[in-house]
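Visitor: Dumping the structure here so I can ask a few things about it.
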Amino acid sequence: MEFPHLGQHCSHEECHRLDFLPVKCDLCANVYCLDHYSYESHKCPNAHHLDNQVPICPLCNQPVPITRGQLPDIRVGQHIDQDCESD
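By the UniProt record's numbering, the letter at position 74 of the sequence shown is numbered 74, and the numbering carries on one by one without gaps.
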C-alpha cells in the first residue's frame with residue numbers, strides 16, 4: 001500500500017523517489033532522498049559558498065576579499081599596491 005500524501009519526492013533529476021524522511025538541502029532548499037542529499041551527489045549549485053577563503057595581507061594583517069575565480073596572490077598584490085595601510 002502506498003501513501004502518496006506522505007513524504008516528498010527527491011528533487012534529483014534522475015531519481016524522483018518518494019521518500020518518507022527526505023532531507024532539505026540547506027544551500028539550495030531542494031528536497032532529496034538519502035542517496036542524493038549530499039552537496040556532491042546532487043551537484044548543488046550553491047556549494048561554492050562553502051569554499052570561501054579570504055587571504056590576509058602579510059603587511060597590514062587585514063582580510064583581502066576576492067571574488068570567485070580571482071587568484072588570491074594577484075588580489076593581495078593589488079591590495080598591497082593600492083589599498084594597504086601598513087605604512
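Note that the Cβ used here is the ideal one computed from N, Cα and C, for glycine as well.
Along the alpha helix (DSSP H) that carries Asp81, what are the first and last residues, could you check?
Guide: The residue labelled residue 81 in the question sits at position 81 within the sequence shown. That run of the alpha helix (DSSP H) goes Pro72 to Gln82.
Visitor: Is it buried or exposed, His48, if we count other Cβ atoms within 10 angstroms and call 16 or more buried?
Guide: Counted from its first residue, the sequence shown places residue 48 at position 48. Answer is exposed; the Cβ neighbour count stays below 16.
Visitor: Once you ignore the five residues that flank Cys53 on each side, which residues in its own chain have a CB closer than 8 Å to its CB?
Guide: Start at 1 with the first residue of the sequence shown, and residue 53 comes out as number 53. Position check: residue 53 holds Gln in this sequence, whereas Cys was assumed. Hits under 8 Å: Pro72.
Visitor: Using CA atoms only, rank isn't needed, just tell me which of Asp35, Cys57 and Leu50 is closest to Asp83.
Guide: Walking along the sequence shown from the start, residue 83 turns up at place 83. Ranking Asp35, Cys57 and Leu50 by Cα distance to Asp83 puts Cys57 first.
Visitor: Would you report the Cα separation of Asn46 and His79, rounded to the nearest angstrom?
Guide: Sequence index remark: in the sequence shown, residue 46 carries index 46 (1-based). Sequence index remark: in the sequence shown, residue 79 carries index 79 (1-based). Each residue's Cα considered, the two are about 28 Å apart.
Visitor: Considering only the alpha carbon of each residue, which of Gln8, Cys28 and Leu59 lies closest to Leu34?
Guide: Along the sequence shown, one-based indexing puts residue 34 at 34. Ranking the options by Cα distance to Leu34, first place goes to Gln8.
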